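Presented below is the structure to which this report refers.
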Amino acid sequence: MKGSAFYENHFDYDAMSRQAANIIAAQVILKPNCVLGLATGGTPVGTYKELVAKYAAGELDFSQVKTVNLDEYVGLDETSDQSYIYFMRSNLFDHVNIDQNFTNVPRGIVDDADAECQRYEELIASYGGIDLQLLGLGPNGHIGFNEPDDHFPVQTHKVTLTDATIQANKRFFEKEEDVPRYAYTMGIGTIMKAKKILMVVNGKGKAEIVKRAFFGPVTPEVPASILQLHPDFTLVADEDALSLI
Ligand code: GLP
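Here the working numbering is used: the first residue of the sequence shown is 1, the next is one more, and so on.
Okay, here's the thing in structure tokens:
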């Protein structure tokens, strides 16, 4: 891990979001036809807002950018406002000049799950891999939807969501029963192949898992801990998330 845990006085959610957006913007400026790996969840919403603002100010051009998202709930598609494709369109894609033919999220409704996972891996390979992968951090240490396990799943695959994840994500749904029980996610190998990785984390609720992931042993019981082995990993967090380190 190259490092750069970011810390300043009063480094709050907005500062975290600005910092993360600056790093993504730098990637797009340096390589206008880059491949961005993107993430959903509450944490990156501010980062996307900042990117949209930079685009609106004429500072960024997404016309040649391609994107691949980490994950999608099984059983949801763009008609559901809880789907990750819907999230990406409403938070970013619909507000910038990206060519939506080159934005990709695993398809949540398919006949053949294995074929969809294979298609997604091949798609990423056909793009030449991911230049910069944005990640959030699940409260149980998951990245994408790679849940704590006894091994690191390598490729895009279908997962059964843990109860901890269902509990954490039910806030986005009307009721707990509506949270899908399965998802498609890039594997740990897919994520680790990205040339650069940027993680955003905020809030006291993540402080303990930040400590375990980045200052504890590398173990599949804390999937994010594998990022300690990535050669170009950047953690951008607010001061609450860093309060135990
Ligand atoms: C979801 C997503 C993850 C995300 C995590 C954290 O489960 N699959 O990619 O990082 O939640 O979400 P939040 O940012 O809302 O805490």
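Don't be surprised by glycine CBs; every beta carbon is placed ideally from N, CA and C. Note that this is a predicted model, so its numbers are computed, not measured.
Asked                                                                                                                    : Found
Cβ contact check for the segment 181-195 and the segment 151-160: 3 or more pairs under 8 Å                              : yes
Reduced DSSP secondary structure (H/G/I, E/B, other) of D240                                                             : coil
N140 - DSSP class collapsed to helix/strand/coil                                                                         : coil
Option in Q133, T79, A125 with minimal Cα separation from I109                                                           : T79
Own chain, CB closer than 6 Å to V236, minus 5 neighbours either side, in chain order                                    : F6, M16, Q19, A20, V200
Reference Q155, options L229, E176, P106, I197, closest by Cα                                                            : P106
Candidates G141, D149, V68, D81, of which the one nearest R212 by Cα                                                     : G141
Short Cβ contact (9 Å threshold) for L242 with V210                                                                      : yes
Cut-off 8 Å between Cβ atoms - residues of its own chain near F215, not counting five sequence neighbours on either side : I245
For A5, the three-state DSSP class (helix, strand or coil)                                                               : The pLDDT assigned to A5 is 49, lower than 50, so where the model puts this residue is not dependable, and the model offers no usable value.
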